[in-house]
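> Using our numbering, you'd call the opening residue of the sequence shown number 2 and step up by one each time.
Glycine included, every Cβ here is placed at the ideal spot set by N, Cα and C.
Bear in mind the structure is a predicted one, so any value in this text is a computation, not a measurement.
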Amino acid sequence: KWKAYLNGTLSETPALDFVSLTYVATYQSSGYLRLYNYYQSNAPVALTAHWNATTPAGTTFRVEVQDNGQTKQFQYSGQTQQLTMTSGTMYVYIRFSSNGQQTPVLEDLNIAFQSNAPSQVGINIGVDNMTGYTPGKEWTSQGTLIGTVTQQGSRFVDAFNDMIPGTGSGTISIPVVVSSESMGIVKIDRFSVTYSIKTVNLDIIIPADEILHERNEPYEVVTRHIVGDATNNYIQSATLSFLAQPSSSAPTLEWQDGDIFPSPNDPDDWIEIDSSSWSSLNNGILEIHWRFKVTSEFPDQDNVKFRTGCKDITGPDGGFSPEQLVSEEGMRVNTSFGLGWLNVRDNDGEVTSDDLPTGSWVAAGETLYFQGAMWFADSQDAPKDSAFDIRIAQNGFVHSNWRDNSNVNGSFFISIDLPDIDVESGLTYELQTYNERDATRVLPANSEWTRTYKVDATAPLVSHTYPTEDAYEAAVENQKISISLGDGVGDPVELKLFYWVEADHDMNRNGEADPEEYAVKVVRNETLADFKTFTTTIDHSRNPNMGRVSYYWDGGDQAGNPLHYSTIIDDEEYTWESGSGFNYDDATFRTRKDSSAIFTGLDWVGHSDDGAVYAGFDQTISLGLIDANTAIDFEYIDLVFDFEGPNPEVDQQRISYYGFTDTFQSNSDFIDLMSTSSMVQTTNETGMPLILIDFNFQIGWDWPDEEISDLALEYKERGSEFPTRHIIADHTFRVENDLVLDANSFLVEDISEPRTGIVADGSRVRNDDRLEFTGKVVYQGSNVPAPRDASIEVEVFDGERIWSDGSLEDDGGYSVEVPLSSAETLLSSPTRTCLISITGIPGKGEDMTGQTVSTTLRVVVDDTAPRVVSRITPINTIDISANSDLTKVPVEFKGTEDADMTGSKQIVHWVMRDSSKTLTLGAGQAILGMQQEEQQITWTGTVDLTDGGKVMPRDGDWVGFYLSGYDTAGNEFPEVSNSEASPIAELASVDTDFERQWVRLGSLGPQLKIDSFSLSDDHVAPGQDIEMTVIVHNDGGLSDALFKVSFYEENSIVPFESKTLNKIGADEKVPVTISWTAKEGVERVRVVVDPDNVIVEVNDDDNSAEHKVEVVYVSYMGWFDSIREQPLVWLFTILSIIVLVGIGMVASRTAISIDDGLMFDEEWEGDDDEYEDDDYYDDDDDYDDDDY
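1. Apart from the five residues on each side of it in sequence, which residues of its chain come closer than 7 Å, Cβ to Cβ, to D762?
2. Restricting to Cα atoms, I'd like to know which of Q682, I842, D634 and Y519 is closest to L742.
3. Leaving out five residues on either side along the sequence, give the residues of the same chain with a beta carbon under 8 Å from the beta carbon of D190.
4. Whose C-beta lies closer than 7 Å to the C-beta of V1 among residues of the same chain, with five residues either side of it excluded?
5. Taking just the CA atoms, how far does S380 sit from R292?
6. Can you grab the Cα-Cα spacing for the pair S657 / D703, in whole Å?
7. In the DSSP assignment, find the unbroken beta strand (DSSP E) run with M164 in it and report its ends.
8. What is the DSSP secondary structure of W1131, counted as helix, strand or coil?
9. Counting only the same chain and skipping the five closest in sequence on each side, list residues whose C-beta sits under 6 Å from that of M849.
10. S168 and L241: beta carbons closer than 8 Å?
11. Report the residue from G925, I694, T684 and N584 whose alpha carbon sits nearest the alpha carbon of Y637.
12. What is the DSSP secondary structure of E449, reduced to helix, strand or coil?
13. So, is P166 buried or exposed, given that buried needs 16 or more other C-beta atoms within 10 angstroms?
14. Of the choices E1051, N406 and D769, whose alpha-carbon is the least far from that of S1193?
15. Consider the Cβ of G758: report whether some Cβ of chain C lies at a distance smaller than 8 Å.
16. Measuring straight from C-alpha to C-alpha, what distance separates P563 and T466?
17. Among V228, G923 and S98, which residue has its Cα nearest to the Cα of V201?
18. G360 to A560, Cα distance in whole Å?
19. For D152, tell me which candidate among V1140, Y134, T172 and I124 has the shortest Cα-Cα distance.
20. Pair every Cβ in the region 445-464 with every Cβ in the region 474-488, then say whether three or more of these pairs are closer than 8 Å.
21. Could you check which residue in Y552, T534, N509 and T1134 has the C-alpha nearest to that of K522?
22. Classify Q852: buried if its beta carbon has 16 or more other beta carbons within 10 angstroms, exposed otherwise.
23. Could you work out which residue in D1068, D313 and S297 is closest to T232 when comparing CA atoms only?
24. Taking the C-alpha atoms as reference points, what is the distance between E934 and V736?
25. How is R510 classed by DSSP in three states: helix, strand or coil?
26. Which residues does DSSP pair with P690 in a beta bridge?
27. Given V187, which residues of its chain have a CB within under 8 Å of its CB, disregarding the five upstream and five downstream residues?
28. Mind listing, in chain order, the continuous beta strand (DSSP E) runs of no fewer than 3 residues lying wholly within the region 904-990?
29. Which same chain residues end up closer than 6 Å to D163 when comparing Cβ atoms and leaving out the 5 residues on each side of it in sequence?
30. Tell me the DSSP bridge mates of V502?
31. Determine the direct distance from the alpha carbon of D258 to that of L326, and round the result to whole angstroms.
32. Per DSSP, Q103 forms a beta bridge with which residues?
33. Does DSSP put M1146 in a helix, in a strand, or in coil?
34. Between I272 and D386, what straight-line distance do the alpha-carbon atoms span, to the nearest angstrom?
35. Is the beta carbon of L1002 sitting closer than 8 Å to the one on P954?
36. Nearest to T135 by alpha carbon, out of D159, Q115, Q1025 and G154?
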């Protein structure tokens, strides 16, 4: 049996074409398969071969690879061979051998090419900057690493041990770094470390936040030590050393197994070991608690550290001592002490304190208690009892009783009695030490060691309270309660008000003010004054009519001296204090139920917030109030106008209505209250009395000039202590009594011809002009006209006299005319100045015109007229061809003016006349633009020579230009060489046609015409050839364009002959000759120059000509017609022949004898030889030179 397997892909399908079977009797002895591939670079670094093969006896099978010419054989399936080649051809051989009887069989073969295998793979324990790290790798592979390797040894062990600290506790991370010199995948399959510990000094714990000095309590330092792994191992001794200066005196503490603490090695007795020291062993860790006290011999210093060490029983030298451990932190040694804390207690009088601040007031005669303790610096440890004594000095004086010599734990307690007099400047108490064991160790005193207290022997005296006894007050929510007192020393800043309201506080309804029923309110007044008032409010609005209210004040000054009353009876002073109850309080008053007025609103007619109020104008303010007690309940109702001046009392201007007398009154020098003011009393919809008041008034012209003024309504009802005021926030106002000339209507005009219009400062005028000042007089900052009945005038001063208008119109209008010629003394002045102002303003009103318009008008007098000098454009000829836009012909003129022409208008006029300049064909004008440089002026613009299509300019006509207008002062152009009869001339330097004042209409381009059109014979027979000659004349400029000269028969539109001219120069005549064969029926021939209109011309009418032709004879007999057409020529010819014959005969006769008779002159007149040029053409010729 045999089978064939075909394996395909998704894109290709194998086909079995044929099968060939070969039978052999024996096997080949050897054979091989070869695989190869060429690598230009990046060749594989290793090959791995896997195969399954059967090799019977007498057969062999092997796989080989050639690497740089070296053959490497795979010894077993799955083996990897490293390669060294980087480029070239790689060969893989599969070799077979047989003895002829058996054959090896290869079932499958898999060769893996490895191109990314790592090389120089290394393992490094630790990284740079780690303690104990040694640079260098602990292991590095040789070449490419293929497969799995196992590495171990002393280098790894040493690297770990070097980085593990020999002392202390905690955790350390040791990186294991794997590296490679080339790309590839490397992983650590397994990593194990076995760790065994030796005896180690684990850590030191010190009280770093404490300070070393002599005290009763011992200090404690704890050290911990790990007992190393060994059989029956233990720590036999340990030490704790102080790292202090000088090091030779630094003590060392010792510990021995059995919890024994021998005497320390302490050369200078700095410390004392405390018997409470102890140790413990737990879980292999020995913990020693070193407890000691510091003596005063320990010198002051910073950063005293501790070092500990131990020794176990292992090792060759009687025990192993690990590396000693030094504490990371240090401790400070300080034996200096100072004030730790100080409290001054005041237990006497009404004001007490556990710690009286410095600067406080203290009542005279009281006792102060100074209590505190002395501590070492920066700690709360107290020096031992024998270190010092304490005393108190008052302003430098030390009393024998102001001392404390016990000082248990550094504490002290001293009492001091204050004097019985006022000491406003204060007494200073200073804490002092004395009898110090070592005075150098006492810190310098500072402000904390002193206290200053002001002594007050004067109690506050009540002078007045409000409300007074038996007062009758309206029941309100905010009843004012006040007390006025005097205290020359240490005045009070806080008092207590005790008050009793019958409706609210009479809980047992006995009608008496019992002590426990009083309410309390604290009132403060921190003003520093010998006389002061404390004020507050209480609510007794629920009290009925005739209900009682009792109140009294309690407290004292800052020193605790009580508030009291004083009176003198029979020269003896009696004092007492108020208290609870009607007979002992400050006052008892009764309440009533008044109705408070309700303000319904205010209307200032025609006024808006922040609006102006104009002096002298009628004003009306209407307001309404609702009050159950009607208008009579009002003591006054005031409108308060405040003009915000420096004195509030004077600034407030009032107009009043008095309800009790029903009268109006103005309490202001600036406000006139009119008699039309009124009060109307009615009822509202609820039936309550409604009081309506109209204040009619005028604010006078003397009102001070302020930016803003306020309006308030103030009224006082009977029974009210203070008036009620409503700020009318939506009616702030400004009183305006200043007048100005309205800037919008202010106008100064020149009303004299020819120049009229607005005149501004610096304008130019003639000395005979007439100026008119017009506008309106209004209140400043408004459009409101000034009143007509206030004698207000507008004046203009022209330098000699004043011109005025005192009759203002209803809208404040005025008009003042100033003839400049009236000031005869100023006629020759180059400038004129006019001053305008408002006069006759009443009161304090001022003319503020200078803030709106300029009150000074300065004009320049100019009597010099502008002059036009020359025409710059156009010159000589204006091109009127189709190429030119005659509706916008540019013009330019030059002239002079000694002043600025800005603002004035100049007009150019043009006049068009025929070729003889006698008949005017058209005229027009246009406004010119102007450019002025100093005194030189250039006028430019355009004119429409067609006058809107009404005028048709023709070749040969003339145009003249002249200017009209005036300068800014009104001086007109002179008409010399600037008029219709005498237009403006062009410069002689640019004149080419000897006509400077007029500009000819023509063409600047070519202008073609026919000078003559002739035939060699115009009486011909059919078929006769004749020549036609036309003279083409260019009466214009040069033309480089090609154009034709065409000849036509009769009315034919197709020429029988055309000639092309390449160009024709300016004023050039070009003859054009052609030959034509006469035809019967053709009686006329034409010639046309530029029939295609290639050349743009002004006049195309002279571009054609005609000639008559008579075709009447037989061919070649046309010469007979010449005798008929030109009889004189033929006659002259015949007579000439006869004369010549006669002359010959006479000559022959006289040839024989020569005498004088033959020499006389004979005059021969022959009129027949005179002929006109016009006879050259036939009379019937239609050609006319005048047509072009």
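To lay it out plainly:
1. Position 761 of the sequence shown, counting from 1, holds the residue named residue 762. Same-chain partners within the cutoff: S855, L858 and R859.
2. The residue given as residue 742 occupies position 741 in the sequence shown. Closest by alpha carbon: I842.
3. For this step, residue 190 is matched to residue 189 along the sequence shown. So the qualifying residues of the chain are T149.
4. Residue 1 is absent from the structure shown; the chain starts at 2 and stops at 1189.
5. Translated into the one-based positions of the sequence shown, residue 292 becomes position 291. Translated into the one-based positions of the sequence shown, residue 380 becomes position 379. In this structure, the alpha-carbon of R292 lies about 19 Å from that of S380.
6. To locate residue 657, count along the sequence shown from 1; it is residue 656. To locate residue 703, count along the sequence shown from 1; it is residue 702. Computed Cα separation, rounded: 20 Å.
7. Locating residue 164 in the sequence shown gives position 163, where the first residue counts as 1. Looking at the DSSP string, M164 is not in any beta strand (DSSP E); the run it does join, the alpha helix (DSSP H), is S155 to M164.
8. Position 1130 of the sequence shown, counting from 1, holds the residue named residue 1131. Here W1131 sits in helix by DSSP.
9. Position 848 of the sequence shown holds residue 849. Excluding sequence neighbours, M849 sits near D739, V741 and Q781.
10. The residue given as residue 168 occupies position 167 in the sequence shown. The residue given as residue 241 occupies position 240 in the sequence shown. Sequence inspection shows Thr at residue 168; the Ser mentioned does not correspond to that position. It is not a contact, given that the beta carbons lie outside the stated cut-off.
11. Taking the first residue of the sequence shown as position 1, residue 637 is located at position 636. Y637 has its Cα closest to that of I694, out of G925, I694, T684 and N584.
12. Taking the first residue of the sequence shown as position 1, residue 449 is located at position 448. Helix at E449.
13. What you label residue 166 is simply residue 165 of the sequence shown in a count that begins at 1. Answer is exposed; the Cβ neighbour count stays below 16.
14. Because the chain here runs from 2 to 1189, residue 1193 falls outside it and cannot be looked at.
15. Included in the structure is just one protein chain, with no chain C present.
16. Position 562 of the sequence shown, counting from 1, holds the residue named residue 563. Position 465 of the sequence shown, counting from 1, holds the residue named residue 466. One C-alpha to the other measures close to 16 Å.
17. Locating residue 201 in the sequence shown gives position 200, counting from the first residue. The shortest Cα separation from V201 among V228, G923 and S98 belongs to V228.
18. Position 359 of the sequence shown holds residue 360. Position 559 of the sequence shown holds residue 560. Their backbone Cα atoms lie some 11 Å apart in a straight line.
19. If you number the sequence shown from 1, residue 152 lands on position 151. Just to set this straight, residue 152 is Gln in the shown sequence, not Asp. Answer by Cα proximity: I124.
20. yes
21. Position 521 of the sequence shown, counting from 1, holds the residue named residue 522. It is Y552 whose Cα lies nearest to the Cα of K522.
22. Locating residue 852 in the sequence shown gives position 851, where the first residue counts as 1. Exposed: under 16 other Cβ atoms inside 10 Å.
23. As a working note, residue 232 is residue 231 in the sequence shown. Among D1068, D313 and S297, the Cα nearest to that of T232 belongs to D313.
24. In the sequence shown, counting from the first residue as 1, residue 934 sits at position 933. In the sequence shown, counting from the first residue as 1, residue 736 sits at position 735. Spanning the two alpha carbons is a distance of roughly 52 Å.
25. Locating residue 510 in the sequence shown gives position 509, counting from the first residue. Of the three classes helix, strand and coil, the one that applies to R510 here is coil, per DSSP.
26. Residue numbering aside, residue 690 sits at position 689 when the sequence shown is read from its first letter. T684.
27. Stepping through the sequence shown from its first residue, residue 187 is reached at position 186. For V187, same chain residues with a beta-carbon under 8 Å away, outside a window of 5 residues either side, are P119, V122, L146, V179 and S181 in chain order.
28. 907-914, 921-928, 930-934, 937-944 and 959-966
29. Position 162 of the sequence shown, counting from 1, holds the residue named residue 163. Closer than 6 Å at the Cβ level, and outside the excluded window around D163, lie G133.
30. Along the sequence shown, one-based indexing puts residue 502 at 501. The partner list for V502 (beta bridge, DSSP) reads V550.
31. Numbered from its first residue, the sequence shown carries residue 326 at position 325. Numbered from its first residue, the sequence shown carries residue 258 at position 257. Approximately 20 Å, taken between the alpha carbons.
32. If you number the sequence shown from 1, residue 103 lands on position 102. DSSP output for Q103 lists no bridge partner at all.
33. Counted from its first residue, the sequence shown places residue 1146 at position 1145. DSSP places M1146 in helix when its eight states are reduced to three.
34. Taking the sequence shown and counting its residues from 1, the one referred to as residue 272 is at position 271. Taking the sequence shown and counting its residues from 1, the one referred to as residue 386 is at position 385. So the two alpha carbons sit approximately 19 Å from each other.
35. Taking the sequence shown and counting its residues from 1, one reaches residue 1002 at position 1001. Taking the sequence shown and counting its residues from 1, one reaches residue 954 at position 953. Taking 8 Å as the Cβ cut-off, L1002 and P954 qualify as a contacting pair.
36. Taking the sequence shown and counting its residues from 1, one reaches residue 135 at position 134. Measuring from the Cα of T135, the nearest candidate turns out to be D159.
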